[in-house]
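A.B. asks: Residues 108 to 202 (the working numbering) make up the sequence shown, in order.
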Amino acid sequence: MKASEAPTIQSPTWNQYRSQIIAAIADVEVLMQQLDKGINSEVMTEEVAQRLGIQIDTAEAYEALLKLVKATRPIAGERLRMTSHEQGGQFVLLL
């Protein structure tokens, strides 16, 4: 999918798209934790796009995806924290 064609908040598939973004962020965050590294939101946006097969085709689409990543990154972090707590530190997230 092209980033410029991604669902918007008015789209009926918005919640599914947003959930996929959150899951991809969580997946990248787990990898970064395992590597004992951190990444900024710009690199996270590129990683999320790659994992979800989103082609960033315009500057406006990139900015929209970057804003979504920045807004949902704390949600993904909380999801990881809760999952880790519930599983006693051991968990697998599937996209």
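Glycine is no exception: its CB is placed at the ideal position from the N, C-alpha and C atoms.
Span of the alpha helix (DSSP H) holding Asp-143?
C.D. replies: First-last for Asp-143: undefined, no H or E at that position.
A.B. asks: State the CB to CB distance for the pair Val-155 and Ala-171, rounded to an integer number of angstroms; the pair is presumed to be in contact (CB under 8 Å).
C.D. replies: Contact doesn't hold; Cβ gap of about 12 Å is too wide.
A.B. asks: Quick one: what's got a C-beta closer than 6 Å to Leu-180's C-beta in the same chain, skipping five residues either side?
C.D. replies: Note that residue 180 corresponds to Arg in the displayed sequence, not to Leu. Closer than 6 Å at Cβ, skipping near neighbours: Ile-132.
A.B. asks: Could you check if Met-151 is buried or exposed, using at least 16 other CB atoms within 10 Å of its CB as the buried criterion?
C.D. replies: Met-151 is buried by the Cβ-count criterion.
A.B. asks: Quick test of your reading: Ile-163 and Ala-110, contact by CB under 8 Å. State the CB separation rounded to the nearest angstrom.
C.D. replies: 5 Å
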